[in-house]
Amino acid sequence: MSQNQNQIQSSSSSSRQESQQQVSHPQMSSGYATIEQRLKYISDYNFPYCDESAKYEKVAKIGQGTFGEVFKARSKSDNKFVAMKRVLMENEKEGFPITALREIRILQLLKHENVVNLIEIVRTKANKNNKYKSIFYLVFDFCEHDLAGLLSNVNVKFSLGEIKKVMKQLLNGLYYIHSNKILHRDMKAANVLITKTGILKLADFGLARAISISKNGQPNRYTNRVVTLWYRPPELLLGDRNYGPPVDMWGAGCIMAEMWTRSPIMQGSTEQQQLTLCAQLCGSFTTDVWPGLDKLELYHKMELPQNHKRKVKERLRPYVKDQAAVDLLDQLLILNPEKRINADDALMHDFFWIDPMPADLTKMLSQLTQSNFEFLAPPRRSNQMMHRYQQQAANQIQQRPQDNSYQDRVY
Ligand SMILES: Nc1ncnc2c1ncn2[C@@H]1O[C@H](COP(=O)(O)OP(=O)(O)O)[C@@H](O)[C@H]1O
Ligand SMILES: [Mg+2]
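Residue numbering for the sequence shown follows our numbering, beginning at 3 and increasing consecutively.
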């Protein structure tokens, strides 16, 4: 068991003990304690396994996700940089949010070179100024860049060998998490971090979950509205709730293509439009290519564009050029999740084993003088390819009202 796991378990049992203490503490039981005494007790209490955030000094804000802010910070003890992700406690009536607990639990399980490392959880001291409510942060090893930031910087140019290195590490990370029965469920360039020495780390396990073993052969009923729309695989768009690792492989395919196109390849603004974009690239949804497709919940509710030929290779070749890369992309961007290549097989693909071989990124990254994060980058430019898709989408589907109910993350 890792030290972190120990910490959390001990800290949750200590908080249980603490609440028992509170009940038996004469001053804390109702009738004895004044509000002031109660608040003093809270502000003086020292959580044994959750240090104060004051041991870090914030340097800059580097991220603003749906679930809170991320800061670059420096450890006061050894000057090391970390990233601090604030746990959003608003709307929490029931104490520490279960979604954050799930993210922490999964991060504690996953220890791998290509997965972001959670160092610890810290908190601010409860006091009058914060209305006696602590703020909690997840503290991670700091990575200098995220892939979305790097791709939106025109000065960053990846050679073919460097793209291979990025993809190899990304697939290694996915292979590792899938072998540990974890689904990421939010693959996208902004959730892929890269250190200044070119080590890639999968990040943002805020939507991740463990794969359950279905009971008595009953299909799983996972939440369906996961994965940022532009990276959402066809099975999710069709309402599948019994999905698995292929959902992350689709995202890996979208990210791989983006290494050349430099912006997301399918930028739908509604779920219907996203599905149409998938069909325009990967061909029409038919039971020939995807047996069982008609059993999915939304099969009869969504409009499935007919008579589209599969054009993955044709569309991507002008950008990607390398034959092996186009071939691997063609296997990642497969509509039928059962036919989509898995991380293990993708790592065995010729792409990684023919010249140029995967090449170290350190030299290329050492030319950058600043961190590149999506949050700090100018709004990402759409490219020609995306324009073409959107044009077609506009021509071919009746425009529907914007899906205002769409949210990045829904539990
Ligand atoms: N360890 C880290 N090092 C550097 N930047 C990070 C780190 N973790 C997160 N970030 C930055 O903060 C952004 C948001 O963090 P993320 O974990 O994805 O949270 P959210 O759930 O808010 O999207 C990331 O896209 C990345 O730019
Ligand atoms: Mg994120």
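By construction, the Cβ of each residue, glycine as well, lies at the ideal position given by its N, Cα and C atoms.
Asked	Found
Sheet register partners of E122 (DSSP bridge)	V141
Cβ-based burial, W252 [other Cβ within 10 Å; buried from 16]	buried
CB-CB length for M258 against L334, believed under 8 Å	6 Å
Distance between M86 and F144 (C-alpha atoms, nearest Å)	9 Å
Simplified DSSP assignment, three categories, for L202	strand
Uninterrupted beta strand (DSSP E) stretches inside the stretch 191-255 (no shorter than 3 residues)	194-196 and 202-204
In chain order, each beta strand (DSSP E) run of at least 3 residues that lies wholly inside the stretch 129-185	138-143
Three-state secondary structure assigned by DSSP to K113	coil
Residues sharing a beta bridge with V84, DSSP	A75 and D143
Bridge partners - Q66, DSSP secondary structure assignment	E71
Straight-line gap, D46 to L298 (C-alpha atoms, nearest Å)	55 Å
N226 burial status per 10 Å Cβ neighbour count (16 or more: buried)	buried
Coarse secondary structure for V328, derived from DSSP in three states	helix
V89 to P293 span [Cα, whole Å]	42 Å
With 16 other Cβ atoms within 10 Å as the buried cut-off, status of R317	buried
Residues sharing a beta bridge with K127, DSSP	Paired residue(s): none; K127 is not in a bridge.
Rounded distance between the beta-carbons of Y233 and M189, thought under 8 Å	6 Å
DSSP three-state assignment for Y321, whether helix, strand or coil	helix
Which of helix, strand or coil DSSP assigns to Y58	strand
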